[in-house]
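What follows is a single structure, written as structure tokens, with notes after it.
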Amino acid sequence: MAMGLWSFAARAAAGCKISKLVDIPLTMSGMKPLITAKINDQDVQFVIDSGAFYSSLSPASAAQLKLRLSPAPFGFYMSGVGGRADASLATVKVLTFAGVPIPNVQFLVGGGEVSRDSVGLLGQNFLRIADVEYDLANGVIRLWRDEKCEHTLLAYWAAALPYSLIEIDRTTPLAPHTIGPASLNGAKIRVMFDTGADASVLSLKAAERAGIKPDTPGVVDAGYSTGIGRRPVKTYLGRFSSFKIGDEEIRNAQLRFGDIGMDIADMLLGADFFLSHRIYVSNDHRELFFTYNGGPVFNLTRTPAAKPAPEPAADAAGTDAPAADKPVEQHKDPGEPVNAAGYSQRGNALAARHDFEHALSDLTRACELAPDNAEYFYQRGLVYRENRQPETAMTDFDRAIELKSDDVRFLAARAALRLDGGDKAGAIADFDAVDRFAPKEADIRLSLANDYWRTDLLERAIAQYDLWIEFHHEDARLGPALDGRCRAKALQDEDLAKALSDCSAALKFAPKGSPIYAHVLEHRGFVRLRLGDYEKSIADYDDSLKLAPEDPWSLYGRGIAKIRRQKTAEGQADLAAATKLSPKVGDEFARRGINP
11 MAMGLWSFAA RAAAGCKISK LVDIPLTMSG MKPLITAKIN DQDVQFVIDS
61 GAFYSSLSPA SAAQLKLRLS PAPFGFYMSG VGGRADASLA TVKVLTFAGV
111 PIPNVQFLVG GGEVSRDSVG LLGQNFLRIA DVEYDLANGV IRLWRDEKCE
161 HTLLAYWAAA LPYSLIEIDR TTPLAPHTIG PASLNGAKIR VMFDTGADAS
211 VLSLKAAERA GIKPDTPGVV DAGYSTGIGR RPVKTYLGRF SSFKIGDEEI
261 RNAQLRFGDI GMDIADMLLG ADFFLSHRIY VSNDHRELFF TYNGGPVFNL
311 TRTPAAKPAP EPAADAAGTD APAADKPVEQ HKDPGEPVNA AGYSQRGNAL
361 AARHDFEHAL SDLTRACELA PDNAEYFYQR GLVYRENRQP ETAMTDFDRA
411 IELKSDDVRF LAARAALRLD GGDKAGAIAD FDAVDRFAPK EADIRLSLAN
461 DYWRTDLLER AIAQYDLWIE FHHEDARLGP ALDGRCRAKA LQDEDLAKAL
511 SDCSAALKFA PKGSPIYAHV LEHRGFVRLR LGDYEKSIAD YDDSLKLAPE
561 DPWSLYGRGI AKIRRQKTAE GQADLAAATK LSPKVGDEFA RRGINP
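Taking our numbering as reference, the numbering of the sequence shown is continuous, increasing by one, and the terminal residue is 606.
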């Protein structure tokens with residue numbers, strides 16, 4: 011149940027002492043909190059994921075790290091947003107973390123990539139060894155031990171701040187998640203604190219209990235989310251009169267909701283909530299303390315398939331309760347960073363919240379303090395790019411590559427900027443460098459395939475799709491990758507039987523009735539047009555146009571198929587409609603050797 015704010019005098023316990031075990035520096039990569047470690051002396055990064063019950067590696071990362079896999083117990087699987095995935099086990103001979111080598115560390119292996127920059131997740135089996143303080147806004151997680159601290163304010167930084175306290179569920183190795191109570195429009199819900207989720211999201215059932223459904227007036231499409239499973243999950247944005255947790259209330263809140271497939275909680279409180287709050291979790295005492303950092307609480311960024319939504323009202327966090335007195339044993343707030351790493355960590359956290367002005371200030375200070383550190387210039391370049399300052403971003407990417415010429419992230423970032431600026435030759439040179447330096451199993455090969463497709467280098471695109479698909483069978487992006495390979499082969503007029511198989515397989519992953527489904531149908535229709543199977547081509551184009559009636563590619567392709575089936579008048583009408591929508595669509599078909 012939710013508890014009110016207590017003064018420290020009411021919460022003190024005689025002899026209470028808290029001792030810090032370790033500071034864990036982290037870097038926000040977008041909305042993913044990453045930490046650095048070593049696996050068998052290879053530098054790696056993990057996503058810190060409080061929503062994962064056990065630490066895991068992706069199958070591609072395990073292959074890249076040359077780890078031997080063994081079967082998981084019979085019937086064992088991994089589950090999360092997007093469904094479930096089969097699992098194997100891998101034992102890392104030496105995991106080095108915070109400079110400490112740990113022998114024979116076991117990981118689950120399964121599911122898709124959680125971040126292009128990481129090899130996997132560090133979950134609750136790692137986090138719940140102690141009390142955990144999540145201070146993502148300052149780029150750090152801290153582990154603590156407490157002694158005799160029952161009925162004591164453990165949020166040591168909250169001496170002069172309003173704080174909230176909730177009672178969380180008892181945790182065990184088999185049920186380690188941090189889960190507590192909240193309310194939505196007055197209805198009780200259970201929330202899971204999940205740093206691995208980019209954005210907070212409600213279940214469909216919880217939204218419905220609060221009176222909001224996908225067809226409720228004012229609800230808009232928010233695109234698709236993915237998780238550990240293959241299935242993309244459709245999400246929506248709806249307006250809720252009240253979201254309340256502890257003594258904090260957000261009124262008139264616009265929240266994301268969807269079929270997240272979670273039985274143990276009604277809502278995931280994701281990295282957006284963690285960035286806007288500082289949180290202390292005591293599993294032994296079943297207590298969670300938090301304070302509000304300011305700014306928006308929820309990340310309402312929409313995926314590309316989403317429709318525009320009304321401008322949300324400002325989030326209003328409830329802070330009307332009295333501030334707490336000083337806690338036992340004062341530990342100083344970290345305050346201003348003292349080195350380049352600290353400025354980098356805070357700068358990336360600010361960038362994740364789109365506070366670009368202050369993010370750039372911190373990252374510039376990091377670059378000044380460590381002018382030979384390529385990572386800081388790369389990080390600042392990403393923020394300049396996000397802030398629509400491409401020339402300055404290019405200068406930083408150039409400097410990062412000058413310092414570390416084989417880093418595929420730096421090369422890919424500069425390539426994208428070059429391509430957007432019209433420097434196709436420069437972009438291709440960087441893409442080719444990424445191809446040379448990236449391990450064959452690397453996740454970046456999917457984006458590289460799409461980049462080669464954008465530059466009309468279809469053979470190179472197909473080669474990258476082949477590599478990525480070989481090592482990413484469990485990934486939620488398998489459907490789009492199969493569709494991309496189908497499309498590239500069809501345009502190249504190469505291995506059309508395989509292209510047809512790819513498109514048909516991609517349809518099984520695409521949500522029916524979605525724009526994604528329409529695009530795959532259009533691509534399969536084009537393959538069948540190439541193959542001379544005009545009736546089935548027309549059928550695919552018909553189904554695509556039911557979902558996207560103004561798609562010029564489907565109209566033009568159907569027009570050609572109809573003309574070749576002696577339905578000349580209907581075909582010419584389709585060609586005319588397509589040309590009206592896109593005057594150059596006929597030239598594109600002709601360039602691929604297809605004419606009416």
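Every residue gets a Cβ at the ideal spot worked out from N, C-alpha and C, and that includes glycine.
Please list the terminal residues of the continuous beta strand (DSSP E) segment that includes F250. Segment 243-255, the beta strand (DSSP E) holding F250.
Quick one: using the 10 Å Cβ neighbour count with 16 as the cut-off for buried, is G239 buried or exposed? The predicted position of G239 is uncertain, since its pLDDT is 49 and thus under 50; no value can be drawn from it.
Through-space distance from D416 to L36, alpha-carbon basis: Their backbone Cα atoms lie some 23 Å apart in a straight line.
List the DSSP bridge partners of R398. Residue pairing by DSSP places R398 in no beta bridge whatsoever.
Tell me, which residues are paired with D53 by DSSP? Answer by DSSP bridge pairing, in chain order: K48.
Can you grab the Cα-Cα spacing for the pair L360 / P449, in whole Å? Take the alpha-carbon of L360 and the one of P449: they are about 31 Å apart.
When we look at the beta-carbon of A507 and count the other beta-carbons within 10 Å, is it buried (16 or more) or exposed? A residue is called buried once 16 or more other Cβ atoms fall within 10 Å of its Cβ, and A507, having fewer, is exposed.
Pair within 8 Å by beta-carbon distance, G121 and S65: Not a contact, by the Cβ cut-off of 8 Å.
Can you give the Cα-Cα distance for F56 and C496, rounded to whole angstroms? Spanning the two alpha carbons is a distance of roughly 32 Å.
Answer with buried or exposed for H482, where buried requires no fewer than 16 other C-beta atoms within 10 angstroms of its C-beta. When all chains shown are included, H482 counts as buried.
Which full runs of the alpha helix (DSSP H) of 4+ residues lie inside the region 459-524, going along the chain? Listed in chain order, the complete alpha helix (DSSP H) runs (minimum 4 residues) inside the region 459-524 are 468-481, 488-502, 506-519.
Let me know the secondary structure DSSP gives A192 once reduced to three states. Note: A192 maps to strand in three-state DSSP.
Separation of T181 from N397, as counted between CA atoms: The alpha-carbon atoms of N397 and T181 are separated by roughly 42 Å.
Quick one: is N605 buried, meaning 16 or more other Cβ sit within 10 Å of its Cβ, or exposed? Per the 10 Å Cβ criterion, exposed.
I'd like to know whether the C-beta atoms of R607 and S514 end up nearer to each other than 8 Å. This structure cannot speak to residue 607, because the chain is shown only from 11 to 606.
My guess is that A192 and I274 are in contact by the Cβ rule of under 8 Å, so how many angstroms apart are they, rounded? That pair is no contact at about 14 Å.
Would you say Y302 and E143 are within 8 Å of each other, going by their C-beta atoms? It is not a contact, given that the beta carbons lie outside the stated cut-off.
So, for R575: in the same chain, excluding its five sequence neighbours on each side, which residues have a beta-carbon less than 6 Å away from its beta-carbon? Taken in chain order, the residues that qualify are Y544.
Is the beta carbon of W154 less than 8 Å from the beta carbon of K30? Inclusion of W154 and K30 in the CB contact set at 8 Å is warranted, their separation being smaller than that value.
Which one or two residues does DSSP pair with L79 in a beta bridge? Beta-bridge pairing by DSSP links L79 to A100.
Report yes if the C-beta distance between A471 and W463 is below 8 Å; otherwise report no. Taking C-beta atoms as the reference points, A471 and W463 count as a pair closer than 8 Å.
When we look at the beta-carbon of V110 and count the other beta-carbons within 10 Å, is it buried (16 or more) or exposed? Exposed is the call here.
Pick helix, strand or coil for R138, following the three-state DSSP scheme. Coil at R138, not helix or strand.
Beta strand (DSSP E) containing Q116: first to last residue? Going by DSSP, Q116 is part of the beta strand (DSSP E) stretching over 110-119.
Pick helix, strand or coil for S286, following the three-state DSSP scheme. Three-state result, S286: coil.
Can you tell which of A384, K499, K590, R296 has the C-alpha that lies nearest to the C-alpha of A140? Of the residues A384, K499, K590, R296, the one whose Cα lies closest to the Cα of A140 is R296.
Identity of the residue in E123, C159, V119, S128 nearest C26 by Cα: Minimum Cα distance to C26 is reached at C159.
Since I573 is in the alpha helix (DSSP H), which residue starts that stretch and which ends it? 562-574 is the extent of the alpha helix (DSSP H) around I573.
Measure the C-alpha to C-alpha separation of D433 and D512 and round it to an integer number of angstroms. When rounded, the distance between both Cα atoms is 32 Å.
Cα-Cα separation, Q264 to F308: Note on geometry: alpha-carbon atoms of Q264 and F308 lie some 8 Å from one another.
Looking only at C-alpha atoms, which of K48, I199, L458 sits nearest to I178? Of the candidates K48, I199, L458, the one whose C-alpha sits nearest the C-alpha of I178 is I199.
Bridge partners - Q264, DSSP secondary structure assignment: In the DSSP assignment, Q264 is bridged to R249.
I222 and F250: beta carbons closer than 8 Å? Taking 8 Å as the cut-off, the Cβ atoms of I222 and F250 count as close.
Do D59 and G133 have their C-beta atoms within less than 8 Å of each other? Contact flag set, yes.
Starting from T589, follow the alpha helix (DSSP H) in both directions and report where the run begins and ends. 578-591 is the extent of the alpha helix (DSSP H) around T589.
Cα separation between F300 and E258? F300 and E258: Cα-Cα distance of roughly 10 Å.
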